[in-house]
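A.B. asks: Below is a structure I'd like to ask you about.
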Amino acid sequence: MKRILVIGDTHIRERADEIPDVFMRFFRERRYDYIIHTGDLVDPEVIDVLKTISPRIYVVEGNMDYLDLPDHLVLYEEGVRIGVAHGHQVRPRGNIERLTKLARELGVSILISGHTHTPFIEEYEGILHINPGSATGVWGGGGGSMTPSFIEIEFTDDKKMIIYLYELEREKIVLKTVKEIFLS
Numbered sequence: 000m001k002r003i004l005v006i007g008d009t010h011i012r013e014r015a016d017e018i019p020d021v022f023m024r025f026f027r028e029r030r031y032d033y034i035i036h037t038g039d040l041v042d043p044e045v046i047d048v049l050k051t052i053s054p055r056i057y058v059v060e061g062n063m064d065y066l067d068l069p070d071h072l073v074l075y076e077e078g079v080r081i082g083v084a085h086g087h088q089v090r091p092r093g094n095i096e097r098l099t100k101l102a103r104e105l106g107v108s109i110l111i112s113g114h115t116h117t118p119f120i121e122e123y124e125g126i127l128h129i130n131p132g133s134a135t136g137v138w139g140g141g142g143g144s145m146t147p148s149f150i151e152i153e154f155t156d157d158k159k160m161i162i163y164l165y166e167l168e169r170e171k172i173v174l175k176t177v178k179e180i181f182l183s
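The opening residue of the sequence shown carries number 0 in numbering that gives the first Met the number 0; numbering runs sequentially from there.
This is the structure we're talking about:
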């Protein structure tokens with residue numbers, strides 16, 4: 000089994016001081032093969048903090064990042080092409096049709112993005128969209144949920160992809176959604 004942590008929109012030192020302690024304790028107890036950050040780290044030290052959880056980290060540039068990061072990535076997992084982009088490339092913010100167009104341009108069947116600060120797992124026109132929301136729950140230019148959240152993805156030995164969406168409620172991590180997909 001392979002386990003991936005997906006977080007984004009941390010905005011550390013600009014809108015938040017740190018990733019919530021309860022999340023960091025949870026992350027350290029888990030074993031992640033790698034971490035995907037959907038951009039808007041803001042402070043590059045976030046990468047060092049994440050390396051205490053997993054040495055492999057994939058990060059894309061957000062609209063608030065002034066770092067030398069890629070605009071998008073394409074990863075391969077269990078024969079599936081997964082795109083990662085912050086999401087600021089499309090307007091209006093979070094527009095599913097335009098995100099789907101971006102996914103098609105990247106040649107991926109799964110697109111992981113951020114920018115909206117609102118978590119979601121949604122299939123649209125054959126593309127699976129995954130957004131972890133904001134790990135710090137900070138405000139975004141287009142609103143957002145203001146609830147800290149993250150996603151875990153597991154690729155199981157029996158060819159399943161399981162997506163878990165977690166949110167922070169009253170200092171407790173709550174599992175909000177589970178989506179299971181059978182890979183061919």
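All residues carry an ideal CB built from backbone N, CA and C; glycine is no exception.
Could you tell me the distance, in whole angstroms, from the CA atom of K159 to the CA atom of R2?
C.D. replies: Here residue 159 refers to the residue found at position 160 of the sequence shown. Here residue 2 refers to the residue found at position 3 of the sequence shown. Cα to Cα, the separation comes out at about 12 Å.
A.B. asks: For A102, which of helix, strand or coil comes out of DSSP?
C.D. replies: Looking up residue 102 in the sequence shown gives position 103. Collapsing the DSSP output to three states places A102 in a helix.
A.B. asks: Classify Y65: buried if its beta carbon has 16 or more other beta carbons within 10 angstroms, exposed otherwise.
C.D. replies: Position 66 of the sequence shown, counted from the start, is the residue given in the question as residue 65. By the neighbour-count rule (16 or more Cβ atoms within 10 Å), Y65 is not buried but exposed.
A.B. asks: Quick one: give me the first and last residue of the alpha helix (DSSP H) that R80 is part of.
C.D. replies: As a first step, residue 80 is located in the sequence shown; it is residue number 81 there, counting from the start. Premise fails: R80 lies in the beta strand (DSSP E), 79-84, not in any alpha helix (DSSP H).
A.B. asks: Taking all protein chains shown into account, do 16 or more other C-beta atoms lie within 10 angstroms of the C-beta of Y123, making it buried, or fewer, making it exposed?
C.D. replies: Residue numbering aside, residue 123 sits at position 124 when the sequence shown is read from its first letter. Exposed, because fewer than 16 other Cβ atoms sit within 10 Å of the Cβ of Y123.
A.B. asks: I'd like to check one pair, G113 with T176: are the Cβ atoms closer than 8 Å?
C.D. replies: Here residue 176 corresponds to residue number 177 of the sequence shown, with the count starting at 1. Here residue 113 corresponds to residue number 114 of the sequence shown, with the count starting at 1. Contact: no.
A.B. asks: Which residue's Cα is closest to the Cα of F181: D157, V107, R169?
C.D. replies: Indexing the sequence shown from 1 puts residue 181 at position 182. Ranking D157, V107, R169 by Cα distance to F181 puts D157 first.
A.B. asks: Quick one: what's got a C-beta closer than 6 Å to T146's C-beta in the same chain, skipping five residues either side?
C.D. replies: What you label residue 146 is simply residue 147 of the sequence shown in a count that begins at 1. Excluding positions up to five away in sequence, the list reads G136, E166.
A.B. asks: Can you find the residues in the same chain that come closer than 6 Å, C-beta to C-beta, to Y57, ignoring five residues on each side of it along the sequence?
C.D. replies: Reading the sequence shown from its first residue, position 58 is the one you call residue 57. Hits under 6 Å: I35, L72.
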